[in-house]
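Which chain is which? The protein sequence lines are A and B, in order.
For what it's worth, the working numbering labels the leading residue of the first sequence as 1333, then goes sequentially.
For what it's worth, the working numbering labels the leading residue of the second sequence as 152, then goes sequentially.
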Amino acid sequence: ETGVTQTPRHLVMGMTNKKSLKCEQHLGHNAMYWYKQSAKKPLELMFVYSLEERVENNSVPSRFSPECPNSSHLFLHLHTLQPEDSALYLCASSQDWPSGLAGGGLEETQYFGPGTRLLVL
Amino acid sequence: GQNIDQPTEMTATEGAIVQINCTYQTSGFNGLFWYQQHAGEAPTFLSYNVLDGLEEKGRFSSFLSRSKGYSYLLLKELQMKDSASYLCAVLGFYNTDKLIFGTGTRLQVFP
């Protein structure tokens, strides 16, 4: 139990559906992240929020829409997905967002939720 | 560019020692992390190195050489529950200030 929870754990959706993934962290962290994990590929960073402001958007298609209403909650809204979007979606949080200052790495340790296994049909 | 390399798969025997290597080329460096990920579960933090040398934590140790762009994770007295993927990740700084992950090394421990 890392203090980061995600719901649902499994999701099957059609290409025309709209669904949302939810992440909640109980660690008092200031930064939250969405990652995509596909088979035999590195974890891909999708979005980063620091103190509820989006600080990173890694050229993610607009069919993925993040929302961060407060520092403890993060959502990923899904709309008209493609079969290739099937993957494990992981949420993570860290005390701080990487500030660009050397030596601050341990405070930027990311703690992951269990993920949502998404299948798009 | 940024690149992290680690072997795709390794096998070992219960009770043995295994070393998982990671080499990296990044435009900035502010530390290296190792995570363990069991199938279908979240990655869990194992270790963080930012200075050269060996960090020991029980059965697990992690080593870093910044000049060589190299790290390894050493697992001693292997147990069946150590069968998992081990992810190497490098934290950059300045314009590369995000965590870049390798593809992970899948370790299978046999009796």
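Ideal placement from N, C-alpha and C gives every residue a C-beta, glycine not left out.
Remember, it's a predicted structure, so these values are computed and weren't measured experimentally.
Chain A within 8 Å of B:Phe261, Cβ atoms only: Position 110 of the second sequence, counted from the start, is the residue given in the question as residue 261 of chain B. With 8 Å as the cut-off, B:Phe261 does not count as an interface residue toward chain A.
Segment contact flag, the stretch 1390–1397 of chain A with the stretch 158–174 of chain B, C-beta cutoff 8 Å, min 3 pairs: no
CB-CB length for B:Ala240 against B:Phe184, believed under 8 Å: Residue numbering aside, residue 240 of chain B sits at position 89 when the second sequence is read from its first letter. Residue numbering aside, residue 184 of chain B sits at position 33 when the second sequence is read from its first letter. Correct: roughly 5 Å between the Cβ atoms.
Exposed unless 16 or more other CB atoms sit within 10 angstroms - verdict on A:Gln1369: Position 37 of the first sequence, counting from 1, holds the residue named residue 1369 of chain A. A:Gln1369 should be labelled buried.
Beta-carbon neighbours of A:Gln1357, restricted to chain B and to distances below 8 Å: Counting from one through the first sequence, the residue named residue 1357 of chain A turns up at place 25. None at all; the shortest Cβ gap to chain B is about 12 Å.
Proximal chain B residues relative to A:Pro1446, where beta-carbon distance stays under 7 Å: The residue given as residue 1446 of chain A occupies position 114 in the first sequence. The answer, in chain order, is Glu192 and Ala193.
Chain B contact residues for A:Tyr1443, given Cβ-Cβ distances below 7 Å: Counting from one through the first sequence, the residue named residue 1443 of chain A turns up at place 111. Going along chain B in sequence order, the residues near A:Tyr1443 (Cβ under 7 Å) are Phe196.
Within-8 Å CB hit, A:Lys1325 to chain B: With chain A covering 1333 to 1453 only, the question about residue 1325 of chain A has no answer from this structure.
Distance, A:Lys1372 Cα to B:Asn246 Cα: The residue you call residue 246 of chain B lines up with position 95 of the second sequence. The residue you call residue 1372 of chain A lines up with position 40 of the first sequence. Caution is warranted here: a pLDDT of 48 is assigned to B:Asn246, below 50, making its placement in the model unreliable, and the coordinate value is therefore given only provisionally. When rounded, the distance between both Cα atoms is 27 Å.
Neighbour flag for B:Tyr199 against chain A, beta carbons, 8 Å: Mapped onto the second sequence, residue 199 of chain B falls at position 48. Chain A contact via Cβ: present.
Proximity to A:Glu1399 [Cα-Cα], best of A:Thr1348, A:Met1378, A:Met1347 and A:His1342: Residue 1399 of chain A sits at position 67 when you count from the first residue of the first sequence. The residue with the shortest Cα to Cα distance from A:Glu1399 is A:Met1378.
CB contact below 8 Å: B:Leu250 versus chain A: The count along the second sequence starts at 1 and reaches residue 250 of chain B at position 99. Yes, because at least one Cβ of chain A sits closer than 8 Å to the Cβ of B:Leu250.
8 Å Cβ cutoff, A:Leu1377 in contact with chain B: For this step, residue 1377 of chain A is matched to residue 45 along the first sequence. Yes, A:Leu1377 counts as interfacial toward chain B.
Partner residues on chain A for B:Gly253, Cβ-Cβ distance less than 8 Å: Here residue 253 of chain B refers to the residue found at position 102 of the second sequence. Going along chain A in sequence order, the residues near B:Gly253 (Cβ under 8 Å) are Pro1374.
Contact set between A:Leu1454 and chain B, taken where Cβ atoms lie within less than 9 Å: Any answer about residue 1454 of chain A is impossible in this case: the structure gives chain A only from 1333 up to 1453.
Euclidean distance between Cα positions of B:Lys219 and B:Asp203: Within the second sequence, the letter at position 68 stands for residue 219 of chain B. Within the second sequence, the letter at position 52 stands for residue 203 of chain B. B:Lys219 and B:Asp203: Cα-Cα distance of roughly 10 Å.
A:Glu1416 in three-state terms, based on DSSP: In the first sequence, residue 1416 of chain A corresponds to position 84, counting from 1. The answer is helix: DSSP assigns A:Glu1416 an H, G or I state.
Short-range partners of chain A found in the stretch 211–224 of chain B, where Cβ spacing is below 9 Å: none
Neighbour list for A:Leu1438 in chain B, Cβ cutoff strictly below 9 Å: As a working mapping, residue 1438 of chain A is identified with position 106 in the first sequence. Residues of chain B passing the Cβ test: Gly182, Tyr199 and Val201.
Straight-line Cα distance separating A:Leu1438 from B:Leu250: To locate residue 250 of chain B, count along the second sequence from 1; it is residue 99. To locate residue 1438 of chain A, count along the first sequence from 1; it is residue 106. For B:Leu250 and A:Leu1438, the distance between alpha carbons rounds to 12 Å.
Where A:Glu1388 meets chain B, residues with beta-carbon distance less than 8 Å: Translated into positions along the first sequence, residue 1388 of chain A becomes position 56. Simply Lys249.
Nearest-angstrom beta carbon gap, A:Lys1351 and A:Leu1343 [assumed within contact, 8 Å]: As a first step, residue 1343 of chain A is located in the first sequence; it is residue number 11 there, counting from the start. As a first step, residue 1351 of chain A is located in the first sequence; it is residue number 19 there, counting from the start. That pair is a contact at about 6 Å.
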